[in-house]
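Quick notes on the structure that follows.
Residue numbers (UniProt numbering), protein chains in the order written: chain U, 1 to 378; chain Z, 1 to 378.
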C-alpha cells in the first residue's frame, strides 16, 4: 500500500510499546485505535480511540478488528483465532496470526529453529515434571513451558537434583543452560514487498556481581565477524518466517564465539528503545513502515547509546513519585521516557532512560549516575 | 517546581506547535489540556482533554485557566487580560502575560529594543496612511501594523511612490528595508531560576531567484564572531525581558556584518523544528523544561540538519493527498512530521520534513529531492 494516512489501524494492546508507537504514528497522521484490558493503559489518551477489552477473547478481538483495515499487536498474548478469521476476511494482520501463534508456543519455536537450521541451544521435549526428572544426568538445564509464558514467566533454571521437584508439571522442554559470554539482540523488519532491514546489534550489559541485565548498550561491543553473523541470522530468520513486521531476536554469544537464538518477539521490543534517539529511524517508526509496506528506514546509529529500564523500587506500591529526576534531567544527553502509569509496584516497568554520548566511557558514567539517582517510590 | 507529572497544564492553542509539544510531553507523563477555536485542531486527539473555544475571549480563557496550575501558549494571539487575572490569582502563566502583550504590539517591541540597546532596523512611528506618505523620501521601506499582524499579515514592503496608496491606514511604523546577507534565528530558553540556554544559530536559506525562504539549515554557516554575537544577543534579550519560557529571535545579518533583530516570538517556532532530530534536546522539550522550572537541556547539534515546510500546493483545496511520499520515505535520514490537518488549501502548513546528514552537500541534494517529489494535493 502506498502512503495512506486515512487507513484505520487497530492495535491489540495499549501498553508502553503501543504508546511509543503512537508517538511515532502522530508524525504520519495515522489513525490509530487501541484496545487493552486495563482502562488506564498507557495508550489511553493518545490514540484516536481507546477501548477497554480482552485481548484473548475471540468475540472481543474479532469485533475490534471488524471495522479496521490493518491490525497489529504490541503484545503476543492475543486471540489468534479471531485474527485468522479477520485475515481470512481480507484484513491485513501484521505480524501474521500464524507467526504470533508459532511464537506463543516456545516448543514450536524451538522446532521451527531446528527444522530451519537456525542455531539454538539443544533441547528435549518434556510433557510433565516426571519427564523433567528423567533428565537428571543433563543438569543444570533450563525448563520452559510450551505455552503461557510471558514476561519471563514459564522459564526457570534447574541447577541441581533437589530442584527437580520445582520443575513445571506441564508440556514444554528442557534446554542446555548456555554459558554465554554476552547476550545480544538484533531487531529486524520486513515489509510486504519483502524488503528486509536490521538494526545494528545491541548488547545487554550484565551487572558484574548480580546476575541481571543492568542496561543495554548500542552498538554491541563485538567483533565484526560476530556482528555480521548476528545480522545475517536475523535476516535469515525473518525471511524463513516470511513475516511482515518487526522481529526482535535475543541471542547468546557463547564463550566459543558461536551464536544461539534464545527468544524472539514479533513486535517492538525493550532491546530497541534506545533507537528513538540512538538510530536514524526508531524501531517504532520501522514497525509502522513494515506493516504499512512503506520503504524501510535507515537504521544506522546516530551515536552510541545506553538504555536503562526505570523500575518501581522494591517495597513501594502506590502513586508513583520520581525521586532524583531533577538530577537526571540536569545530565546532558539523558532522554526520559515515562510510560504514563500512575501506580508503581515493585519492579514494574515505569519507563526507560536513553543516554546518548559520543564517548563510551562517559556514557557508562552517566548510566551509573542515573541508576544511583533515580528511584520510583510511592 | 521540581519534577511533578501530576501538575495540570493548560495550553492556549491546539495547532502543530502544541501537537509537537504534546508528543514530547508524553515522555514525561505530563497532564496537558488544550483549547482551540477549531474543533479539528491538530491537538484534538493527543492530549488529556481538548476543548473548542476562543483564545481571545476573556471569559473563555479565564474559565479554561481556572482549574489549571500552569498555563502556556502556542500562539500569541490570546486574551492577555484573562491571563493577567489568572496570574494575579496565583497561577503560573509562562510566558508571562505582560511579555505576550508586548510582543502582540510590534511598535512596543521596537520601542523595547530601542530602550534596551537591542540592535534593530531604524523606524519611524506612523498613525495612518497619510503619515506613511510623508516619508516618501525614505523609500523603499517596510510598513508594519502595530497590532493585529500574525503569520506574516500586517507587514508589507513599500518600494516606490506609486505603492504609498497601499500603505496600512492604521497605527504602526515604517522601518528601513534591510539589505541583508542572511536571515538567521536563535531560540533561547529561560526557566524560573533564571538559567538561560540558547540553541545554536540556524539559517534561512533563500531561493537564489525567487525571494522566499526555501529551507532552514542548522547550524548556520556564519563565522564564529557572528555566531557568538547572535548567541549573546539572544541571551541578553530574554534576560532583559525577564521572560520564562522559549523565545525565538529572527535576525538579519547585514552585508556589513552586523546583526539586527527582526521579529521575536515568545514560544516554540518554525525555525526550531529541526531540533527534534538535529539537537540533543528539542525546542519542544526545552519549552516544557523552561516553564516547569526544570534544568534546561543540552542544545548541541547532533548532526547538520535541514528543515522544509510542507505546504499545500497552490490550486488545491480539499482532503489532503501526499504525492511522492513513498520516494521521500525511501530517502535516508528524512523525518516526516505531518500536522494532522485533514484539509489542504494553497500554502497551508501541512507539516515539515527534517533531513539529517553528516555531509552538508548531500543534505542540500536531499532537500532538493524532497522539494521536487513531495506535493500536497487534494
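Glycine included, each C-beta is placed from N, C-alpha and C at the ideal position.
For this session: Name the two residues that bound the continuous alpha helix (DSSP H) containing residue 367 of chain Z.
Result: Counting along the chain, the unbroken alpha helix (DSSP H) around residue 367 of chain Z starts and ends at 360-373.
Exercise. Between the C-alpha atoms of residue 26 of chain U and residue 15 of chain U, what's the straight-line distance to the nearest angstrom?
Worked result: For residue 26 of chain U and residue 15 of chain U, the gap between their C-alpha atoms comes out near 17 Å.
Problem set entry | Identified DSSP bridge partners for residue 101 of chain Z | DSSP, once it has assigned bridges, lists no residue as partnering residue 101 of chain Z.
For this session: Assess, as a yes-or-no matter, whether the stretch 190-205 of chain U is touched by the stretch 289-297 of chain U under the definition of 3 or more beta carbon pairs within less than 8 Å.
Result: The answer is yes - the stretch 190-205 of chain U touches the stretch 289-297 of chain U, with three or more Cβ pairs under 8 Å.
Problem set entry | residue 75 of chain U vs residue 264 of chain U beta-carbon contact at 8 Å | No.
Exercise. Using 8 Å as the limit for Cβ to Cβ distance, is residue 23 of chain U near chain Z?
Worked result: Under the Cβ distance rule, residue 23 of chain U counts among the residues neighbouring chain Z, one pair being separated by less than 8 Å.
Problem set entry | At least 3 beta-carbon pairs within less than 8 Å: the stretch 233-252 of chain U vs the stretch 214-221 of chain U | Counting C-beta pairs closer than 8 Å gives fewer than three between the stretch 233-252 of chain U and the stretch 214-221 of chain U, which falls short of the contact rule.
Exercise. Under a Cβ-count criterion, where at least 16 other Cβ atoms within 10 Å of its own Cβ denotes burial, should residue 41 of chain Z be classed as buried or exposed?
Worked result: Burial check for residue 41 of chain Z: the Cβ neighbour count within 10 Å reaches 16 or more, so the residue is buried.
Problem set entry | At least three beta-carbon pairs within less than 8 Å, the stretch 47-62 of chain Z to the stretch 371-378 of chain U | Contact fails: fewer than three Cβ-Cβ distances are below 8 Å.
For this session: Find out if the Cβ-Cβ distance for the pair residue 248 of chain U, residue 184 of chain U is shorter than 8 Å.
Result: No; because the gap between Cβ atoms is not below 8 Å, this pair is not in contact.
For this session: Would you give the residue range spanned by the alpha helix (DSSP H) that residue 224 of chain Z belongs to?
Result: Per DSSP, residue 224 of chain Z is one residue of the alpha helix (DSSP H) stretching across 224-241.
Exercise. Which residue comes first and which comes last in the beta strand (DSSP E) that contains residue 248 of chain Z?
Worked result: Segment 245-254, the beta strand (DSSP E) holding residue 248 of chain Z.
Exercise. Where does residue 79 of chain Z fall in DSSP's three states?
Worked result: Here residue 79 of chain Z sits in coil by DSSP.
Problem set entry | residue 198 of chain Z burial status per 10 Å Cβ neighbour count (16 or more: buried) | Residue 198 of chain Z should be labelled buried.
Problem set entry | Of the residues Z:357, Z:285, Z:87, the one placed nearest residue 18 of chain Z, counting alpha carbons only | Here the closest residue by C-alpha is Z:285.
Problem set entry | chain A contact residues for residue 27 of chain U, given Cβ-Cβ distances below 7 Å | Absent here is chain A; the protein component of the structure consists of chains U and Z.
Problem set entry | Sub-8 Å separation of residue 83 of chain U and residue 71 of chain U beta-carbons | Yes, these two residues count as a Cβ contact at 8 Å.
Problem set entry | Cutoff 8 Å: residue 5 of chain Z Cβ touching any chain U Cβ | Interface residue, yes.
For this session: Taking only beta-carbon positions, decide if residue 363 of chain Z is within less than 8 Å of chain U.
Result: Interface annotation, residue 363 of chain Z: not in contact with chain U, CB-CB separation never under 8 Å.
For this session: Residues of the stretch 300-311 of chain Z with a CB closer than 9 Å to any CB of chain U: list them in chain order, please.
Result: Under the 9 Å Cβ criterion, the stretch 300-311 of chain Z contributes 300, 302, 303.
Problem set entry | Sequence-distant residues of its chain with Cβ nearer than 6 Å to residue 181 of chain Z (five each side left out) | If we look at residue 181 of chain Z and ignore the five residues flanking it on each side, its Cβ neighbours are 253, 255.
Problem set entry | Rounded separation between residue 200 of chain U and residue 23 of chain U - CA only | The straight-line gap from Cα to Cα measures roughly 23 Å.
Exercise. Enumerated in chain order, which unbroken segments of the beta strand (DSSP E) with a length of 3 residues or greater are wholly contained in the stretch 109-161 of chain Z?
Worked result: The stretch 109-161 of chain Z contains these whole beta strand (DSSP E) runs: 123-126, 141-145, 155-158.
For this session: With DSSP collapsed to three states, give me the class of residue 466 of chain Z.
Result: Outside the displayed span of chain Z (1 to 378) sits residue 466 of chain Z, for which this structure offers no information.
Exercise. If you measure beta-carbon to beta-carbon, which residues of the stretch 40-66 of chain U are closer than 8 Å to chain Z?
Worked result: For the stretch 40-66 of chain U, residues whose beta-carbon sits nearer than 8 Å to a beta-carbon of chain Z comprise 45, 46, 47, 48.
For this session: Output yes or no for whether 8 Å exceeds the beta carbon distance between residue 3 of chain U and residue 325 of chain Z.
Result: Yes, Cβ-Cβ distance for residue 3 of chain U and residue 325 of chain Z is below 8 Å.
For this session: Report all residues from its chain with a CB closer than 7 Å to the CB of residue 352 of chain Z; omit the five preceding and five following residues, and keep chain order.
Result: Correct list, in chain order: 273, 307, 308, 309, 310, 337.
Problem set entry | For residue 145 of chain U, the nearest candidate out of U:137, U:136, U:166, U:160 (CA to CA) | Nearest to residue 145 of chain U by C-alpha distance, out of U:137, U:136, U:166, U:160, is U:166.
Exercise. Quick one: Cα of residue 355 of chain U to Cα of residue 251 of chain U, how far?
Worked result: About 23 Å.
For this session: Count the other CB atoms, across all protein chains shown, that sit within 10 Å of the CB of residue 115 of chain U; report buried if there are 16 or more and exposed otherwise.
Result: Residue 115 of chain U should be labelled exposed.
Exercise. What residues from chain Z crowd round residue 329 of chain U, counting only those whose CB sits closer than 8 Å?
Worked result: The contacting residues are 3, 289, 294, 295, 297.
Exercise. What are the boundary residues of the beta strand (DSSP E) that includes residue 203 of chain Z?
Worked result: That run of the beta strand (DSSP E) goes 202-206.
Problem set entry | Whether residue 134 of chain Z touches residue 173 of chain Z by CB criterion (8 Å) | Not in contact: residue 134 of chain Z and residue 173 of chain Z (Cβ atoms no closer than 8 Å).
Exercise. DSSP on residue 347 of chain U, reduced to helix/strand/coil?
Worked result: Correct three-state label for residue 347 of chain U: coil.
Exercise. Can you tell me whether residue 140 of chain Z is buried or exposed, with buried defined as 16 or more other CB within 10 angstroms of its CB?
Worked result: Residue 140 of chain Z is exposed by the Cβ-count criterion.
Problem set entry | Cutoff 8 Å: residue 326 of chain U Cβ touching any chain Z Cβ | Nearest CB-CB separation between residue 326 of chain U and chain Z: below the 8 Å threshold.
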